[in-house]
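Q: Sharing a structure with you now.
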Amino acid sequence: MAKEKTVYVCSNCGQDSPKWVGKCPSCGEWNTYVEEVGRKPTLSKRPVSGFETTKNKPIILKDIHTSEETRIDMHDEELNRVLGGGLVPGSLVLIGGEPGIGKSTLVLQTVLRIPEKRILYVSGEESARQLKLRADRIPGASDNCLIACETSLEQIYVHIKNTEPDLVIIDSIQTVSTESIESSPGSVSQVRECSASILRFAKESHVPVILIGHINKEGSIAGPKVLEHIVDAVLQFEGDQHYMYRILRSIKNRFGSTAEMGIYEMRQDGLRQVSNPSELLLSQDHGGMSGIAIASAIEGVRPFLIETQALVSSAVYGNPQRSATGFDIRRMNMLLAVLEKRVGFKLAQKDVFLNIAGGLRVNDPAIDLAVISAILSSNMDAAIDAEVCMAGEIGLSGEIRPISRIEQRISEAEKLGFRRFVLPRSNMQGLEAKKLKIELIPVRKVEEAFRALFG
């Protein structure tokens, strides 16, 4: 019988230690070491030589033949876009998100709409009756979707061997355990060993596997960090439960871009794809209201218009408050400093609240102009024309810097009926303004933009 030993493993990076330590020497995180009970590895009796013959031989790079991978169509335009055009055979994809955000619903409704593939859905958290009740609410059903409620990795491989599926879903990886490791499911060693074993299965059998994972209180994928290094793609499913919108972001993707984003709407019958988010995000009539500006942002390859809301009021308490929802608070503080230093607006004793409508979180620097315009509109209590859209990055000297893909931003605003578009003057090169139905207002500094908006 193998001798058992107790080690302490960092739940963030996987570094092990013979005793508990407060701060991990590898990743620097505090209080991440957990106790693990495992077996001492037995040494192989076969001597290891550096001159053993191997089946694999080095190949010259130019002699390696490649062909375009035929991706699996998921019958979901948003999911296909985030994956880079579809699911690659033999890939391992990890989908993470908060509890109750809709991860299982997204995966279940996707596999039910792929009738041409044989799919094995392994559930370690829900019973078959619970999955049936959820599937009844989702329109469309596939006769090739098999359900297995199992948490043992060895038994999962038995089900895979018996059914020979084209796609495997495991919900969730934290509930799966293997008999070779003597620790509870969800521990660092179990998650690491099970995911590595599933990766070998996916690469050898050429069968894609989708894993559903939990997240911790910091918002990152639960378990060791090596889990994100093992998989081919990491998709984050996020959104506020008080809003109807859900966003699918690509954090890591070996087969596509990580700048893509998919938007869904949570409904009674599941998740609905939002092909044109601009119309939903701008559904409210805000004519005559101050503190609102429309910005043209881009996520991945898709432009959409968002509503930027700001509220500026006198500070009731001693220290002024700064709050931002859906926008980087540090960048907002920088823009407030530019307003005070370069433009002359005194906001040091004012409370400033910023909100991106719809529960979205946008990282595009091109919405800087809309942010400071909404702040100034609320401070002056002067409304911005509802037919004006804008885009531009603000520099520290108060200049409006050029932005990328200006043609797509302008065409999106023109399609939704906007009459005027405020843009950086440097982006006017190469634009044919005469062919556009929207009026272009080029500006070079923040003062010029304010004069164009407020007169």
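Counted the way my numbering counts, the sequence shown spans residues 113 to 567.
Positions of the beta carbon are idealized from the N, C-alpha and C atoms, including for glycine.
Considering only the alpha carbon of each residue, which of 399, 397, 373 lies closest to residue 387?
A: Taking the first residue of the sequence shown as 1, we reach residue 387 at position 275. Of 399, 397, 373, the residue nearest in Cα terms is 373.
Q: Check residue 117 in the structure and name its three-state DSSP category.
A: Working through the sequence shown from its first residue, we reach residue 117 at position 5. DSSP places residue 117 in strand when its eight states are reduced to three.
Q: Just grab the DSSP bridge partners of residue 380 for me.
A: For this step, residue 380 is matched to residue 268 along the sequence shown. Paired residue(s): none; residue 380 is not in a bridge.
Q: Suppose the cutoff is 7 Å on Cβ atoms and the five residues either side in sequence are ignored; what does the same chain contact list for residue 557 look like?
A: As a working note, residue 557 is residue 445 in the sequence shown. The residues are 510, 511, 512.
Q: From the DSSP output, in three-state form, read off residue 401 for me.
A: Residue 401 sits at position 289 when you count from the first residue of the sequence shown. Coil, per DSSP.
Q: Count the other C-beta atoms from every protein chain shown that fall within 10 angstroms of the C-beta of residue 403, then say buried if there are 16 or more, exposed otherwise.
A: Your numbering for residue 403 matches position 291 in the sequence shown. That one is buried.
Q: Determine contact between the stretch 235–255 and the stretch 192–202, defined as no fewer than three beta-carbon pairs at a distance below 8 Å.
A: Contact between the stretch 235–255 and the stretch 192–202 is absent, because fewer than three Cβ pairs lie under 8 Å.
Q: Near residue 421, which residues of its chain fall below 8 Å by C-beta distance, leaving aside the five closest residues on each side in sequence?
A: If you number the sequence shown from 1, residue 421 lands on position 309. If we look at residue 421 and ignore the five residues flanking it on each side, its Cβ neighbours are 403, 404, 466, 467, 468, 469, 486.
Q: Tell me the residue span of the alpha helix (DSSP H) that contains residue 501.
A: The residue labelled residue 501 in the question sits at position 389 within the sequence shown. No alpha helix (DSSP H) holds residue 501; the beta strand (DSSP E) holding it covers 500–502.
Q: Out of 377, 249, 475, 283, point me to the one whose CA is closest to residue 264's CA.
A: Mapped onto the sequence shown, residue 264 falls at position 152. Minimum Cα distance to residue 264 is reached at 283.
Q: Less than 7 Å between the C-beta atoms of residue 215 and residue 310, yes or no?
A: For the purposes of this step, residue 215 is taken as residue 103 along the sequence shown, with counting starting at 1. For the purposes of this step, residue 310 is taken as residue 198 along the sequence shown, with counting starting at 1. Taking 7 Å as the Cβ cut-off, residue 215 and residue 310 do not qualify as a contacting pair.
Q: Would you report the Cα separation of residue 409 and residue 289, rounded to the nearest angstrom?
A: Here residue 409 is taken as the residue at index 297 of the sequence shown, counted from 1. Here residue 289 is taken as the residue at index 177 of the sequence shown, counted from 1. If I take the Cα positions, the gap works out to 44 Å.
Q: Whose C-beta lies closer than 7 Å to the C-beta of residue 524 among residues of the same chain, with five residues either side of it excluded?
A: Working through the sequence shown from its first residue, we reach residue 524 at position 412. Closer than 7 Å at Cβ, skipping near neighbours: 390, 408, 415, 416, 417.
Q: Could you tell me the boundaries of the beta strand (DSSP E) in which residue 463 lies?
A: Residue mapping note: residue 463 aligns to position 351 of the sequence shown, counting from 1. Per DSSP, residue 463 belongs to the beta strand (DSSP E) from 462–468.
Q: With a threshold of 16 other CB atoms inside 10 Å of the CB of residue 355, please say whether the residue is buried or exposed.
A: Here the question's residue 355 lines up with position 243 in the sequence shown. Exposed is the call here.
Q: Apart from the five residues on each side of it in sequence, which residues of its chain come closer than 7 Å, Cβ to Cβ, to residue 159?
A: Counting from 1 along the sequence shown, the entry for residue 159 is found at position 47. Reliability of the predicted coordinates at residue 159 is poor, the pLDDT of 46 falling under 50, and no value is obtained from them.
Q: Tell me whether residue 248 is buried or exposed, calling it buried when 16 or more other Cβ atoms sit within 10 Å of its Cβ.
A: Indexing the sequence shown from 1 puts residue 248 at position 136. Looking at its Cβ environment, which holds fewer than 16 other Cβ atoms inside 10 Å, residue 248 is exposed.
Q: Taking its Cβ as the centre, do 16 or more other Cβ atoms sit within 10 Å of residue 563, making it buried, or is it exposed?
A: Within the sequence shown, residue 563 is the residue found at index 451, counting from 1. Residue 563 should be labelled exposed.
Q: Going by DSSP, what residues sit across from residue 536 in a beta bridge?
A: Sequence index remark: in the sequence shown, residue 536 carries index 424 (1-based). For residue 536, which the question treats as bridged, DSSP gives the partners 555.
Q: For residue 287, which residues from the same chain have a beta carbon less than 8 Å from its beta carbon, with the 5 sequence-adjacent residues on both sides left out?
A: Along the sequence shown, one-based indexing puts residue 287 at 175. Excluding sequence neighbours, residue 287 sits near 236, 237, 263, 297, 298.
Q: So residue 449 is in the alpha helix (DSSP H); what residue range does that whole segment cover?
A: Indexing the sequence shown from 1 puts residue 449 at position 337. Segment 441–450, the alpha helix (DSSP H) holding residue 449.
Q: On a Cα-Cα basis, can you pick out the residue from 540, 219, 118 that is closest to residue 61?
A: The chain is shown from 113 up to 567; residue 61 falls before or after that span and cannot be answered.
Q: Return the chain-ordered list of same chain residues with a C-beta closer than 6 Å to the C-beta of residue 482, the five sequence neighbours on each side being excluded.
A: The sequence position of residue 482 within the sequence shown is 370, counting from 1. Once the five neighbours on either side are set aside, the close Cβ partners of residue 482 are 405, 407, 420, 502.
Q: Relative to the alpha-carbon of residue 212, which residue among 350, 505, 133 has its alpha-carbon at the smallest distance?
A: For the purposes of this step, residue 212 is taken as residue 100 along the sequence shown, with counting starting at 1. It is 350 whose Cα lies nearest to the Cα of residue 212.
Q: Going by DSSP in three states, residue 519 sits in which element: helix, strand or coil?
A: Taking the first residue of the sequence shown as position 1, residue 519 is located at position 407. If DSSP states are grouped into helix, strand and coil, residue 519 belongs with the helices.
Q: Once the 5 residues before and after residue 305 are set aside, which same chain residues still bring their CB inside 8 Å of it?
A: To locate residue 305, count along the sequence shown from 1; it is residue 193. Counting only Cβ-Cβ distances below 8 Å, and skipping sequence neighbours, we find 290, 292, 293.
Q: From residue 155 to residue 342, what does the alpha carbon distance come to, in whole angstroms?
A: Reading the sequence shown from its first residue, position 43 is the one you call residue 155. Reading the sequence shown from its first residue, position 230 is the one you call residue 342. Note on residue 155: pLDDT 42, under 50, position unreliable in the model; the coordinate value appears next. Residue 155 and residue 342: Cα-Cα distance of roughly 25 Å.
Q: Less than 7 Å between the C-beta atoms of residue 363 and residue 346, yes or no?
A: Here residue 363 refers to the residue found at position 251 of the sequence shown. Here residue 346 refers to the residue found at position 234 of the sequence shown. In this structure, residue 346 lies closer than 7 Å to residue 363 by Cβ.
Q: Apart from the five residues just before and just after residue 385, which ones in its own chain have a Cβ nearer than 7 Å to its Cβ?
A: Stepping through the sequence shown from its first residue, residue 385 is reached at position 273. Result list for residue 385: 188, 189, 190, 376, in chain order.
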